Each structure stands twice: as structure tokens, then as C-alpha cells.
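Trainee: I am attaching a structure below and will ask some questions about it afterwards.
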Amino acid sequence: KLQLAKGLKDPPLVDQCLGRSFTADLQSQMSDFGNGFSMENVDVLISLQALSTMLAFVDGTLTEDMRAKGLNTRKGNEPERIDLFRVGRLPDAPNAVSIGTVWNWVPENARGRANFNKRSYDVNFEHIVTGRETIGGPPSIREVEDPGHYRILSYSLGDLNILVRAELVCTMPDDSTMPNPGMTVECSTANYRDAGDLWGQNLASKFAEMQLGNIGMLVRGIVDKGFLVDVQELTQEDLKLDRFDKEPLEKEAEALLGRVAGLLKRIKDVAECPGCVDRVLYLQYCDGELRIISPWSDEELAELENFRDVTNEEVQELVFGPES
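Numbering (my numbering), first residue to last: -13 to 310.
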């Protein structure tokens, strides 16, 4: 047994916020490390965090979570409107739309008075997996400020050419004797009571997420009373063994990926409509639906203020027709 100490784990950074631009960061990263890769044929530029949220929407877990938190329509309350993504453009990819998160689907962003615990065994477990020293000291200072590392992925999803920016902690050894050499390794911890939860009803969604993020292995540390009692190492091939007597896991994941591709295609088609070109666009969640919205510009608000008020008589005449 190995004793673990909890560290402070911050939620993932949003792609687009004050002082941070998803398109500007991606353009800079591609110019520095793209090795001449052309984005002219790319249809969608997106982050893995945004793709994971869309996957949760199409499989129903995001909608169910929002409903459970009281964010949908219910008696005496209007639904919450949550801007999830910023939909934009990138000059180097003239035929593409960019989709970056402005809000993360994590417990810290839930409404209500819940006090979420930011301490997690994940921090020190990632250090153990990557061969670094564990973090000690008082719980209030067990925080990692390491720079983020990203990988740019390019692949086809349905009829779309996708460019994905995925954050990673570590990768498989680049050794032909190892399974999935060079692919990303996802590290996490779980309580010993939840050791078998991975094989639940959302296994197909997890398998689809691994395919979207080029994740070759899941490494889960099983913790009991602060001690690491087991380590689960599962590749994509290992997960497929769970469905040997049922519908193959690949088919379930393929259906989910098809829904994600259809959602991305719909977003791209709407963003390219004449009324949406050259406008600030957001993808908003409201009452179990996703919709593209555009806030009013200062010029449009000024023009609206110059319109005269419409009288009640004019409204009645418009609705019911002129009086005979």
C-alpha cells in the first residue's frame, strides 16, 4: 500500500475568457509547432473539453445533470440559460468554425449553495504515474502550478475534417513493444467502492471520448482511506472485452460519434447562414436544448432605441386586422 495525500485540483481552464482567446492561442500554437500544416481544408476547430461536453449532451448525461440541479423548466421557475461555447472564426482556416468553451461542465460551476471540495488524490497520483515527487506540506498549499501541455489532433469525424486541441498529462512510451505507443494516458483516482463504475451504462461514452482524444490507456488509482490499494490499467482493447456477448462496444461508440458529427455539422451550417456571418456567436444550453445566439451590438442597440414605441391599438390592428 502507498499512502496518498490530497492536493488542490483546479477545474480545467475555459478556452475563451477575459484575457484568453481560443483562436489566438490555437493560431500561435499552430504557427510555432504545426510544421507547415495547412488548415485550409479544416471544417471545425475545437477543444477536447468542448467535444466531451457535446458528447455528454448527445448521450443525455448533460441534460439529466442539468435537470437534477434544477436548471431546466420546473414549476414556478424559468430555465437557466448557460452559454457553453464561443463560436468564431480563424483567418488561417477560412472554411472552418472554431468552438471553444466559455463555461466548463464541472461540479464547481453548479448552481446552489453546495460547497464543493477541491481536494483530490488525482494531483499526487499523476505525480506518481509520471515519476515525479509527491506534494507534501499543509493541505492549503498542495497545489500544482505546472504549465499545461497540449496535443493537436487532426482526423475526420463523419464528413467533417476536425482539428482538436487536447490537454494531456502523460503519454504511452514510444516503444513498439508497448500497446498504443505515443498515445495519451488519462490518469484519475476513485474510491474503492466505485472501482467497478467504469463498466456502467456510460462505458460507450467513455470509449467514444477516448477515440476523440486519442487516449490509449486509462490509469485509475483505487484509494481506500488514503492508501493506494490498486491500479487499473485499461486500454481501448481491454474495454472492448466487456461487450463480448452483447452489441459490440465499437458500434455503441460509433452511434454516439455520429450524433456528435451531426451536431457539429448543424452548428457549422447555422454559423454560415447570412444572418450569422460577421456576428459574435455563442452556443447556449437552455431547457434541454442547444441553440446558437448572438448578443446585441452597441450599434444595434442604438438603432433600436431610435425606434418609436408601438401603441396598443397598432398591435391589435396588426394581430386582428383593421376594424370594420
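From the three backbone atoms N, C-alpha and C, an ideal C-beta is built for every residue, glycine too. Please read these numbers as outputs of a predicted model, since none were measured by experiment.
When DSSP labels each residue in this structure, what does L243 get in the three-state scheme?
Mentor: Translated into positions along the sequence shown, residue 243 becomes position 257. Residue state, collapsed to three classes: helix.
Trainee: Does the region 259 to 278 come close enough to the region 212 to 226 that 3 or more CB-CB pairs lie under 8 Å?
Mentor: The region 212 to 226 is not in contact with the region 259 to 278.
Trainee: Which of the three DSSP states is assigned to I114 in this structure?
Mentor: In the sequence shown, residue 114 corresponds to position 128, counting from 1. DSSP places I114 in helix when its eight states are reduced to three.
Trainee: I'd like to know whether the C-beta atoms of L214 and K(-13) end up nearer to each other than 8 Å.
Mentor: On the sequence shown, position 228 is the one that residue 214 refers to. On the sequence shown, position 1 is the one that residue -13 refers to. Closer than 8 Å, so yes.
Trainee: So, at 6 Å on beta carbons, what are the nonlocal neighbours of G(-7) in its own chain, with the 5 sequence-adjacent residues on each side left out?
Mentor: Stepping through the sequence shown from its first residue, residue -7 is reached at position 7. The residues are V109, N110, I121, R128.
Trainee: Let me check understanding here. Comparing Cα to Cα, which of L31, C272, F193, L243 lies closest to V83?
Mentor: Working through the sequence shown from its first residue, we reach residue 83 at position 97. Taking only the C-alpha atoms, the option nearest V83 is L31.
Trainee: Short check: CB of G274 to CB of N58, under 8 Å?
Mentor: Here residue 274 is taken as the residue at index 288 of the sequence shown, counted from 1. Here residue 58 is taken as the residue at index 72 of the sequence shown, counted from 1. Taking 8 Å as the Cβ cut-off, G274 and N58 qualify as a contacting pair.
Trainee: Buried or exposed for K192, please, with buried defined as at least 16 other CB atoms from any protein chain shown within 10 angstroms of its CB.
Mentor: Taking the first residue of the sequence shown as position 1, residue 192 is located at position 206. With 16 or more other Cβ atoms within 10 Å, it is buried.
Trainee: Within 8 Å, do at least three Cβ pairs link the region 0 to 11 to the region 155 to 174?
Mentor: Because the criterion of three Cβ pairs below 8 Å is not met, the region 155 to 174 and the region 0 to 11 do not touch.
Trainee: Given this structure, state the Cα-to-Cα distance separating V92 from F19, to the nearest angstrom.
Mentor: The residue you call residue 92 lines up with position 106 of the sequence shown. The residue you call residue 19 lines up with position 33 of the sequence shown. Approximately 30 Å between the Cα atoms of the pair.
Trainee: Just to check my reading of the structure: L37 and L198 have Cβ atoms closer than 8 Å, yes? What is that Cβ distance to the nearest angstrom?
Mentor: On the sequence shown, position 51 is the one that residue 37 refers to. On the sequence shown, position 212 is the one that residue 198 refers to. About 5 Å separates the two Cβ atoms, so the contact holds.
Trainee: Give me the DSSP bridge partner(s) of M203.
Mentor: The residue given as residue 203 occupies position 217 in the sequence shown. Per DSSP, V171, T221.
Trainee: If A181 and I208 are in contact, beta carbons under 8 Å, what's the gap, nearest whole angstrom?
Mentor: Within the sequence shown, residue 181 is the residue found at index 195, counting from 1. Within the sequence shown, residue 208 is the residue found at index 222, counting from 1. A181 to I208, Cβ: 5 Å. Contact.
Trainee: Tell me the rounded alpha-carbon separation between G123 and A(-9).
Mentor: Walking along the sequence shown from the start, residue 123 turns up at place 137. Walking along the sequence shown from the start, residue -9 turns up at place 5. Using only the alpha carbons, I get a separation of about 9 Å.
Trainee: Note down, in chain order, each residue of its chain lying with its Cβ closer than 8 Å to the Cβ of I278, except the 5 sequence neighbours on either side.
Mentor: What you label residue 278 is simply residue 292 of the sequence shown in a count that begins at 1. If we look at I278 and ignore the five residues flanking it on each side, its Cβ neighbours are V73, I253, V256, A257, C262, L267, Y268, L269, Q270.
Trainee: For the putative contact between L41 and A194, defined by C-beta atoms under 8 Å, what is the C-beta separation to the nearest angstrom?
Mentor: The count along the sequence shown starts at 1 and reaches residue 41 at position 55. The count along the sequence shown starts at 1 and reaches residue 194 at position 208. Sure, about 6 Å apart at Cβ, within 8 Å.
Trainee: Compare the C-alpha of I148 against each of V305, S140, G212 and name the closest.
Mentor: In the sequence shown, the residue the question calls residue 148 occupies position 162. Nearest of V305, S140, G212 to I148, Cα basis: S140.
Trainee: Pull up the DSSP beta-bridge partners for R277, would you.
Mentor: As a first step, residue 277 must be located in the sequence shown, where it is residue number 291. DSSP, once it has assigned bridges, lists Q270 as partnering R277.
Trainee: When burial is assigned at 16 or more other CB atoms within 10 Å of the CB, is D45 buried or exposed?
Mentor: Here residue 45 is taken as the residue at index 59 of the sequence shown, counted from 1. Buried: at least 16 other Cβ atoms inside 10 Å.
Trainee: In whole angstroms, what separates the C-alpha of D183 from that of K211?
Mentor: Stepping through the sequence shown from its first residue, residue 183 is reached at position 197. Stepping through the sequence shown from its first residue, residue 211 is reached at position 225. So the alpha carbons of these two residues sit roughly 18 Å apart.
Trainee: Find the nearest neighbour of E64 within the set L154, E238, G56, judged by alpha-carbon distance.
Mentor: Along the sequence shown, read from residue 1 onward, the residue named residue 64 stands at position 78. Checking every option, the nearest Cα to that of E64 belongs to G56.
Trainee: By the three-class DSSP mapping on this structure, what secondary structure does Q15 have?
Mentor: Position 29 of the sequence shown, counted from the start, is the residue given in the question as residue 15. Here Q15 sits in helix by DSSP.
Trainee: Name the two residues that bound the continuous alpha helix (DSSP H) containing T47.
Mentor: Here the question's residue 47 lines up with position 61 in the sequence shown. Note, T47: alpha helix (DSSP H), 47 to 54.
Trainee: Round the Cβ separation of L146 and K251 to the nearest angstrom and send it over; I've been treating them as touching at under 8 Å.
Mentor: The residue given as residue 146 occupies position 160 in the sequence shown. The residue given as residue 251 occupies position 265 in the sequence shown. Correct: roughly 6 Å between the Cβ atoms.
Trainee: Between which residues of its own chain and K(-5) is the CB-CB distance below 8 Å, once the five residues before and five after are set aside?
Mentor: Taking the first residue of the sequence shown as 1, we reach residue -5 at position 9. So the list reads K104, R105, S106, D108, V109, once near-sequence residues are dropped.
Trainee: CB L143 to CB L(-1), shorter than 8 Å?
Mentor: The residue labelled residue 143 in the question sits at position 157 within the sequence shown. The residue labelled residue -1 in the question sits at position 13 within the sequence shown. It is not a contact, given that the beta carbons lie outside the stated cut-off.
Trainee: I'd like to know if W185 contacts chain B, where contact means its C-beta is closer than 8 Å to some C-beta of that chain.
Mentor: Among the chains of the structure shown, chain B does not appear; only one protein chain is present.
Trainee: Taking the straight line between their C-alpha atoms, what separation do you get for D69 and T163?
Mentor: Position 83 of the sequence shown, counted from the first residue, corresponds to residue 69. Position 177 of the sequence shown, counted from the first residue, corresponds to residue 163. If I take the Cα positions, the gap works out to 45 Å.
Trainee: What is the residue span of the alpha helix (DSSP H) that V301 lies within?
Mentor: Walking along the sequence shown from the start, residue 301 turns up at place 315. Residues 298 to 306.
Trainee: In the DSSP assignment, the alpha helix (DSSP H) including L143 goes from what residue to what residue?
Mentor: Numbered from 1 along the sequence shown, position 157 holds the residue referred to as residue 143. Not the alpha helix (DSSP H): L143 falls in the beta strand (DSSP E), residues 135 to 143.
Trainee: Which value, in whole angstroms, describes the spacing of the CA atoms of Q15 and E300?
Mentor: Taking the sequence shown and counting its residues from 1, one reaches residue 15 at position 29. Taking the sequence shown and counting its residues from 1, one reaches residue 300 at position 314. Those two C-alpha atoms are separated by around 56 Å.
Trainee: Which residue marks the beginning of the beta strand (DSSP E) containing V83, and which one marks its end?
Mentor: For the purposes of this step, residue 83 is taken as the residue at position 97 of the sequence shown. Element bounds for V83: 79 to 87.
Trainee: If we ignore side chains and look at the alpha-carbon of each, how far apart do C173 and D160 end up?
Mentor: For the purposes of this step, residue 173 is identified with residue 187 of the sequence shown, where counting begins at 1. For the purposes of this step, residue 160 is identified with residue 174 of the sequence shown, where counting begins at 1. Going from the Cα of C173 to the Cα of D160 covers about 18 Å.
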